[in-house]
Amino acid sequence: MFIIGADRLMRLKLMNNIDNKHTKPNYSFLAKLLHWCFIFLFAFGLYKQVDDINQLEDISFFRTEIVFASVFLLFLTFRFLYMTKTQKTSLPTNTPKSQKLVAKIVHFSMYISLAGIAFTGLMIGYFFSLGLKDGFLIELTIGTHEFLVSVIYWLISIHVIAAIYHRLKNDGVWDSMVPFWKETK
Ligand code: HEM
Ligand code: HEM
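Numbering (our numbering), first residue to last: 102 to 286.
Shown next, in the form of structure tokens:
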């Protein structure tokens with residue numbers, strides 16, 4: 102039989118606890134602000150989406166779409182550079198390499214899909230302004246635009262489920278980004 106002394110057991114538990122907690126401070130205030138402001142910006146983008154290509158005939162609607170997509174793309178680029186240059190993941194140091202890789206892939210894919218949605222939106226606008234209102238080129242661009250919208254819905258769902266999983270694990274990842282439903286200490 103394998104008997105561990107009470108003292109050794111306590112020490113093991115303490116070490117495991119320290120390892121499970123995030124060993125770096127939270128994301129910066131700006132990182133959190135960018136994350137949550139961006140969610141509102143994206144939700145607004147979905148709310149005011151183009152339902153029919155003929156809506157682009159309305160010049161003021163067309164202009165608003167182009168300005169929105171450009172601001173969205175600039176915001177996303179700034180956020181990506183800020184996050185990759187100044188912030189580190191809050192996953193605990195003992196997270197398996199494979200899990201860290203999956204988290205990276207999901208985050209990176211979210212950036213790519215979001216940029217792709219805005220970029221293909223701008224391309225649709227460009228082709229439309231050239232008078233290409235139907236045909237292979239614009240249909241392919243709209244198809245890609247819509248495909249990326251479905252991809253981002255999947256990625257966001259995976260992302261939110263993963264965030265809730267970390268909240269239930271109480272490992273500091275949730276608290277590092279989310280200001281409500283705080284983890285139990
Ligand atoms: C970041 C900016 C944008 C977001 C978040 C966005 C979002 C969306 C969404 C959610 C859809 C519906 C997809 C579906 O039902 O499968 C859509 C469709 C579409 N979007 Fe965008 N869009 C953006 C920029 C643009 C721009 C700049 C244009 C063109 C000026 C544009 C033109 C279109 C068109 C033509 C459709 C297809 C409408 C149809 O079903 O006929 N989008 N967009
Ligand atoms: C209620 C919804 C959401 C919750 C609870 C949430 C939670 C989190 C948490 C806990 C992290 C830190 C993960 C880590 O350090 O590894 C994070 C990071 C991130 N979230 Fe969310 N998130 C939500 C919605 C979204 C949405 C809608 C998007 C995209 C439109 C998004 C994009 C990102 C990205 C790209 C990161 C990686 C860090 C960065 O580069 O900003 N999140 N989120």
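Glycine included, each C-beta is placed from N, C-alpha and C at the ideal position. If you're wondering where the values come from, they're calculated on a predicted model, not measured in any experiment.
The alpha-carbon of ASP159 is positioned some 14 angstroms away from that of LYS234. The DSSP assignment places complete alpha helix (DSSP H) segments of no fewer than 4 residues inside the segment 163 to 233 at 198 to 230, in order along the chain. Here GLN156 has PHE162 as same chain residues with Cβ atoms under 7 angstroms from its own Cβ, once five neighbours each way along the sequence are excluded. With the rule of 3 Cβ pairs closer than 8 angstroms, the segment 214 to 230 counts as touching the segment 164 to 177. For the options LEU174, VAL207, VAL203, LYS198, the alpha carbon positioned closest to that of ILE253 is the one of VAL207.
In the three-state reduction of the DSSP assignment, VAL151 falls in the coil class, being assigned neither a helical nor a strand state.
ILE257 and ALA216 have their C-alpha atoms some 14 angstroms from each other. Per DSSP, the continuous alpha helix (DSSP H) segment holding TRP275 begins and ends at 274 to 278.
With fewer than 16 other CB atoms across the displayed protein chains lying within 10 angstroms of its CB, VAL172 is exposed.
In this model, LEU231 and PHE220 are separated by some 17 angstroms (Cα to Cα). Selection LEU135, LEU192, VAL203, TRP282 evaluated against PHE176 yields LEU135 as nearest (Cα-Cα). Beyond the five residues adjoining it in sequence on each side, SER214 comes within less than 8 angstroms, by CB distance, of LEU249, VAL252, ILE253, LEU256 in the same chain, given in chain order.
One thing to note: MET211 has its Cβ no nearer than 8 angstroms to the Cβ of ALA132. The nearest non-hydrogen atom of ligand 2 is 7 angstroms or more from the C-beta of TRP255. With a cutoff of 7 angstroms, THR196 does not count as near ligand 2, since its C-beta is closer than that to no heavy atom of the ligand. Of all C-beta pairs linking the segment 261 to 274 to the segment 184 to 199, three or more are shorter than 8 angstroms, placing the two stretches in contact.
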